[in-house]
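Using the working numbering, the first residue of the sequence shown is number 329, and each one after it goes up by one.
C-beta: ideal position from N, C-alpha, C; glycine also.
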Amino acid sequence: MANHIDTVTVEVVRNLLMSIAEETYGIIVRSAYSTNMKERRDVCTAVIDPDGNSVAQVESLAALLGSMLNVVPNIYEKFGKENIRPGDMFIANDPYHGGGNHLPDIVIAAPAFAGDRLIGWIANIGHHSDIGGKVPGSTSGDADSLFQEGIRIPVLRIHQDGKLIPSVMDLLLDNTRVPQEREGDLTAQMSANLIGVQRIQEAYERYQDDLPACMRELVNYSERRVRAVVSGLPDGEYCYTDYVDGCGDKYPDPLPIQVKVTIRGDELTIDFTGTAEQIKAPINVPYPCTKAAVFFSVKALMGDDIPANEGINRAVKIIAPKGCIVNPTEPSPIGAQIDCQQRIPDAIFGALAPIFPDTVVTAGNGACTTTILAGEGAIGTDSVFIFHEVIAGGGGASRNQDGLSGVQVNMTNTSNMPIEATEMEFTKILARKYELKADTGGAGQYRGGLGIERELEVLQDDVAYTGLGDRHKFRPWGLAGGREGAAGAFYRVAAADKTVTRMGHKTTSLPLKKGDIIRVITPGAGGYGDPFRRSPELVLKDVVESKVSPQAAKKEYGVAIVFDGVHYSVDETATAALRASFQPASDM
């Protein structure tokens, strides 16, 4: 092993390892069967060192970080490092026993060898549209046990001596409603790993013992970088509490996510004591996912150039009492955990906003607004279709910029599903509307990003609808006098009489008839700063672009907009009078 590795070599190797992770990610996206992976890109990949530490990870989807950071140590614990062989590949989805975030997220990992020496791992994880359970899509809003959410896969060998173990694949395919799609997606994941292993071996041929030495240095470097930032912060305790809406009719009351961040020298402790207890509903956050949320928050605050690897975890101490909603005991259900996991960064950012004023943005849509439609109708050779979509919302504003509109935030980073892909692959669904929703961005000197309004019509009877979301009650917060963003909502428009019914934020397998329309409105984001300090010209631009209505311009911003039948313009006299009549909000 080399004693000293120069920084140039470490940087070159870092980029090489990232290119390996990115190449395997691209292989999955290009070869997968489901729209979940090939269109929405609900996938993440990583290179892992021989000791089980993640050293290079595609920054595609923070929600999947938890499994990637734990999968290899779990393999070693179960099988023993000495029993890993060339040509092996392992699969898991159970966060209580080896991997996964919730059961639809399946992780597959493969070791790379140079001769008989283990030199690293390649791993990937992808969201599968169905892996059994009580409802199509394997994610409900009312499960009270993990056993209702699909097949549980502890860490298993799925390849041995370079060959697929057919009995393991048979077990998986017999526990899904769409076996052809599952086989295609799993094959894409395993094939990507084969290329990743080859690339790690090529890297070792070039760098020899310098490769694992660089891996160790990258992990140490990330830890040093985080500790250096922490040591420059003022010592103290910083607290914040945000809330999850609850979970359906059984748990209608808000659930607090309470965080205390303690800084002492270069030590950073994040304590969730006081957070809600676990519940018999599917928004409990497994501890690996809580670690992933903390990992994301620390990296987002302390340096986008800090390599995403295990070193970030080493620099942080997490306290999450066993049995609370962010560290549940099995078999607590976890299918919709992302709606609660999203609130963890919001709480951490809220706590640290006073000491990161140039970095923290206002609360974004903070949800994983999910629509699942399932019914009979062949897709390939499968006898049913399962449409799964996560619809974006508003992104938070900063102290010098408006928030982005129609984006995923925090732990989610999937792509918006194109209407063309929806209608081409799911011929029993028609997209009626897909647009930014006016007045959903919180007012401020810098406006919060807008949410989305999307309408989907079903073209046959007996389609089951599941809608999962959050921020339907607790709106995204603003900063420095900025207003809250708008809440989300789910509606059903009945085909028979066009009656519009608002549904809860956790709706499970609601039967739809031909012509029924599901209307989804996603949350916006909070504004930053006093809205009366926003330039009237920018407010006018927002009105012209249908981001802000003339009525909201007057009420929220104190800007009078007039319309002459052709053009909008600012009534400067009326605007001056409006703004003079209100006391401006003070900065926080």
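When DSSP builds the beta bridges, which residues end up paired with residue i?
i: His455; result: Asp433
i: Met417; result: His487
i: Ala382; result: Before going on, a small fix: residue 382 reads as Ser here, not Ala. The partner list for Ser382 (beta bridge, DSSP) reads Ile376.
i: Phe917; result: Here the chain covers residues 329 to 916 and nothing more, so residue 917 does not appear.
i: Thr697; result: Ile719
i: Cys575; result: Tyr579
i: Gly426; result: Its beta-bridge partners do not exist; DSSP assigns none.
i: Ala702; result: Ile714 and Ala792
i: Ile450; result: Val375 and Ala438
i: Glu565; result: Thr590
i: Val735; result: Gly721
i: Asp498; result: Its beta-bridge partners do not exist; DSSP assigns none.
i: Arg325; result: This structure gives no information on residue 325, because the portion of the chain shown stretches from 329 to 916.
i: Asp472; result: None; Asp472 has no bridge partner.
i: Asp570; result: Ile585
i: Leu546; result: DSSP, once it has assigned bridges, lists no residue as partnering Leu546.
i: Leu492; result: His487
Closest to residue i by CA distance: which of the options is it?
i: Arg811; options: Thr373, Pro432, Pro864 and Gly777; result: Gly777
i: Leu758; options: Gln736, Asn548, Phe715 and Ala609; result: Phe715
i: Gln773; options: Tyr885, Gln736, Gly843 and Gly576; result: Tyr885
i: Arg276; options: Gly893, Pro423, Arg480 and Arg727; result: The displayed coordinates of the chain run from 329 to 916. Any statement about residue 276 would go beyond what the structure contains.
i: Gly852; options: His895, Glu753, Asp730 and Asn343; result: Asp730
i: Val613; options: Asn655, Thr335 and Ile523; result: Asn655
i: Ser362; options: Met745, Ser388 and Ala437; result: Met745
i: Ala771; options: Asn741, Met831, Gly854 and Ile676; result: Gly854
i: Glu873; options: Val399, Ala766 and Gly478; result: Ala766
i: Pro584; options: Thr569, Ile646 and Asp594; result: Thr569
i: Ala620; options: Ala437, Trp449, Pro423 and Arg480; result: Pro423
i: Tyr353; options: Val386, Asp379, Thr337 and Asn364; result: Val386
i: Ser347; options: Ala531, Gly678 and Ile780; result: Ala531
i: Thr850; options: Ser743, Ser733 and Ala904; result: Ser733
i: Lys491; options: His800, Asn503 and Thr515; result: Thr515
i: Arg557; options: Asp489, Met630, Gln536 and His332; result: The sequence given here places Val at residue 557; Arg does not occur at that position. Ranking the options by Cα distance to Val557, first place goes to Met630.
i: Ile591; options: Gly574, Arg830, Asp563 and Cys575; result: Asp563
i: Ile355; options: Ala904, Arg555 and Gln517; result: Gln517
i: Thr504; options: Arg862, Gly448, Phe713 and Pro864; result: Phe713
i: Val341; options: Ser519, Gln536 and Val357; result: Gln536
i: Arg671; options: Pro685, Thr690 and Asn343; result: Thr690
i: Gln285; options: Ala814, Ala749, Leu840 and Ala817; result: There is simply no residue 285 to check, as the chain begins at 329 and stops at 916 in what is shown.
i: Gly478; options: Asp444, Asp433 and Glu511; result: Asp433
i: Ile450; options: Glu900, Val399, Val336 and Gly639; result: Val399
i: Ile719; options: Val887, Ser877 and Ile780; result: Ile780
i: Ser359; options: Thr829, Thr835, Glu511 and Lys650; result: Glu511
i: Thr740; options: Val357, Met365, Ser388 and Thr335; result: Ser388
i: Tyr404; options: Leu446, Met365 and Glu900; result: Leu446
Could you tell me how far apart the beta carbons of residue i and residue j are, in whole angstroms, since I believe they sit closer than 8 Å?
i: Leu345; j: Ala384; result: 4 Å
i: Ala643; j: Tyr615; result: In fact, because the Cβ distance is near 18 Å, the residues do not count as touching under 8 Å.
i: Gly721; j: Lys756; result: Their Cβ separation, rounded to whole angstroms, is 26 Å, which puts Gly721 and Lys756 out of contact at 8 Å.
i: Leu701; j: Tyr793; result: 6 Å
i: Gly663; j: Ala471; result: 6 Å
i: Pro659; j: Ser473; result: 5 Å
i: Cys567; j: Val587; result: 7 Å
i: Pro401; j: Gly380; result: 4 Å
i: Gly692; j: Pro582; result: That pair is no contact at about 19 Å.
i: Cys668; j: Val791; result: Actually they do not touch by this definition, with Cβ atoms about 28 Å apart.
i: Ser743; j: Arg369; result: 5 Å
i: Leu397; j: Asn641; result: 7 Å
i: Cys542; j: Val871; result: So it is not a contact: roughly 54 Å between Cβ atoms.
i: Pro610; j: Pro661; result: 4 Å
i: Gly469; j: Leu796; result: 6 Å
i: Ala888; j: Thr903; result: 5 Å
Using a Cβ-Cβ distance cut-off of 8 Å, determine whether residue i contacts chain B.
i: Ser874; result: Among the protein chains of the structure shown there is no chain B, as only one such chain exists.
Next on the checklist: Quick check: the stretch 821 to 828 against the stretch 789 to 808, are at least 3 beta-carbon pairs closer than 8 Å?
Outcome noted: Because the criterion of three Cβ pairs below 8 Å is not met, the stretch 789 to 808 and the stretch 821 to 828 do not touch.
Checklist entry - Does the stretch 777 to 789 come close enough to the stretch 747 to 767 that 3 or more CB-CB pairs lie under 8 Å? => result Yes, the stretch 747 to 767 is in contact with the stretch 777 to 789.
Checklist entry - Okay, do the stretch 370 to 380 and the stretch 414 to 429 touch, 3+ Cβ pairs below 8 Å being the bar? => result Touching, no, given that fewer than three Cβ pairs across the two stretches are closer than 8 Å.
Checklist entry - Is the stretch 599 to 609 in contact with the stretch 857 to 870, if contact means three or more CB pairs nearer than 8 Å? => result No: fewer than three Cβ pairs fall under 8 Å.
Item to check | Contact between the stretch 444 to 454 and the stretch 690 to 700 (3+ Cβ pairs under 8 Å) | outcome: Flag = no, the stretch 444 to 454 and the stretch 690 to 700 do not touch.
Next on the checklist: Which runs of the beta strand (DSSP E) at least 3 residues long sit entirely within the stretch 796 to 834? Give them in chain order.
Outcome noted: Taking 3 residues as the shortest admissible run, the stretch 796 to 834 contains the following complete beta strand (DSSP E) segments, listed from N- to C-terminal end: 817 to 821 and 828 to 831.
Checklist entry - Quick one: complete beta strand (DSSP E) runs, 3+ long, within the stretch 756 to 785? => result Segments of the beta strand (DSSP E) lying fully in the stretch 756 to 785: 757 to 764.
Next on the checklist: Please give me, in chain order, every unbroken run of the beta strand (DSSP E) with length at least 3 that falls completely inside the stretch 833 to 907.
Outcome noted: As far as the stretch 833 to 907 is concerned, its whole beta strand (DSSP E) runs of at least 3 residues are 834 to 840, 845 to 849, 889 to 891 and 896 to 898.
Checklist entry - Does the stretch 534 to 553 come close enough to the stretch 487 to 499 to have 3 or more Cβ pairs within less than 8 Å? => result Touching, no.
Checklist entry - Hey, which unbroken runs of the beta strand (DSSP E) at 3 residues or more fall wholly within the stretch 577 to 651? => result Here the runs fully enclosed are 583 to 592, 595 to 599 and 644 to 647.
Checklist entry - Just checking, does the stretch 438 to 449 make contact with the stretch 525 to 533 on the three C-beta pairs under 8 Å criterion? => result In short, these stretches touch, since the Cβ pair count reaches three.
Checklist entry - Any contact of the stretch 411 to 419 with the stretch 478 to 486, i.e. 3+ C-beta pairs under 8 Å? => result Contact between the stretch 411 to 419 and the stretch 478 to 486 is present: 3 or more CB-CB pairs across the two stretches fall below 8 Å.
Checklist entry - Are there three or more Cβ pairs, one per stretch, closer than 8 Å when the stretch 671 to 686 is compared with the stretch 621 to 639? => result With a cut-off of 8 Å, the stretch 621 to 639 and the stretch 671 to 686 count as touching, because enough Cβ pairs lie within range.
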